[in-house]
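> Protein chains in written order, with the numbering used here: chain A, 2 to 117; chain B, 2 to 117.
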DNA sequence: CCGCAGTACTTTGAAATGTCAATTGATGTG
DNA sequence: CACATCAATTGACATTTCAAAGTACTGCGG
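(1) According to DSSP, is residue 85 of chain A part of a helix, a strand, or is it coil?
(2) Counting contacts by CB-CB distance shorter than 9 Å, is residue 42 of chain A in contact with chain B?
(3) Under 9 Å, CB to CB, which of the residues in the segment 10-41 of chain B have a partner in chain A?
(4) Taking only beta-carbon positions, decide if residue 52 of chain B is within less than 9 Å of chain A.
(5) For residue 34 of chain A, count neighbouring Cβ atoms within 10 angstroms of its own Cβ and tell me buried if that reaches 16, exposed if not.
(6) Does DSSP classify residue 1 of chain B as helix, strand or coil?
(7) Hey, does residue 67 of chain B have any beta-carbon neighbour from chain A nearer than 9 Å?
(8) State the DSSP-derived secondary structure class of residue 58 of chain A, mapped to helix, strand or coil.
(9) Can you tell me whether residue 37 of chain B is helix, strand or coil according to DSSP?
(10) For residue 30 of chain B, is the classification buried or exposed, using 16 other Cβ atoms within 10 angstroms of its Cβ as the cut-off for buried?
(11) For the segment 74-98 of chain B, which residues have a beta carbon sitting closer than 8 Å to at least one beta carbon of chain A?
(12) So, at 8 Å on beta carbons, what are the nonlocal neighbours of residue 98 of chain A in its own chain, with the 5 sequence-adjacent residues on each side left out?
(13) So residue 12 of chain B and residue 102 of chain A are in contact, right, with Cβ under 8 Å, and what is the actual spacing, rounded?
(14) Considering only their Cβ atoms, is the gap separating residue 85 of chain B from residue 65 of chain B smaller than 9 Å?
(15) Secondary structure at residue 104 of chain A, three-state DSSP: helix, strand or coil?
(16) Is residue 57 of chain A close to chain B? Criterion is C-beta to C-beta, closer than 9 Å.
(17) What is the DSSP secondary structure of residue 67 of chain A, counted as helix, strand or coil?
(18) For residue 36 of chain B versus residue 81 of chain B, is the C-beta spacing smaller than 9 Å?
(19) Taking only beta-carbon positions, decide if residue 61 of chain B is within less than 9 Å of chain A.
(20) Inspect the beta-carbon positions of residue 105 of chain B and residue 61 of chain A and report whether they are closer than 9 Å.
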């Protein structure tokens, strides 16, 4: 994505991470407490498993979330996802978005609304 | 995207807007001052004109940016894009991202880095 | 006057990305 | 045992973004 022009600006990189689809939703859901896979899928509202798995791996690689696999006894594992300290500090970003949204995005028409 | 589950949460909608590719970059560039089309394209760093046009239209529809077409004299028009008050208040969001980025994203490996 | 550069886009087709539906394999419930 | 749930995985499909080229117009140098 040619990060060269800015001389490697952290903000540029952060935007690159946060604009990925579902990322902010995932963080927001996890800010509310750790969750399992399907639970998280429902919380973010409609992300499918393929995308979610992928996003989760990416966020784990960036150390924003942590995956803890509790082995109940056998092989089955309930995976629990939670935020790392770095991830939790995204609360500030979510809050900023929340503040802005409540002020400026309350009555705006939505293009993705059910037209039919 | 099924906005139904949250009962129409403004934060959910805001995230939907802000996670669109280049949106945050565009806002950040415009926060620095109004810009023409090509100028803006260079400032955001690598967005192609088709996408930029589309994003700009979307953001204008959402009243986050304003397009002013200065007709020099004939038909030629230099379009100048600037933030509306609502758009300018995204400064808070950009700041939050900036703060977070400087603290947690300075040395993180980048998955999009040239692997070869 | 002619061509080159710059303005703001639009068009094209291909590539990247995201989504869906079905499926897997394990486990617990009726 | 059939069925639902959990955490994914797979492959087809749809959408999004891409780079490059083209359009239409102006201003500048030669």
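The beta-carbon is built from N, C-alpha and C at its ideal position, and this holds for glycine as well.
These numbers come from a predicted model, not from an experiment.
Inspection of the coordinates gives the following:
(1) coil
(2) no
(3) 10, 11, 12, 13, 14, 15, 16, 17, 18, 19, 20, 21, 22, 23, 24, 25, 26, 29
(4) no
(5) exposed
(6) Since the first residue of chain B shown is 2 and the last is 117, residue 1 of chain B is not available in this structure.
(7) no
(8) helix
(9) strand
(10) buried
(11) 87, 90, 91, 93, 94, 95, 96, 97, 98
(12) 25
(13) 5 Å
(14) yes
(15) helix
(16) no
(17) strand
(18) yes
(19) no
(20) no
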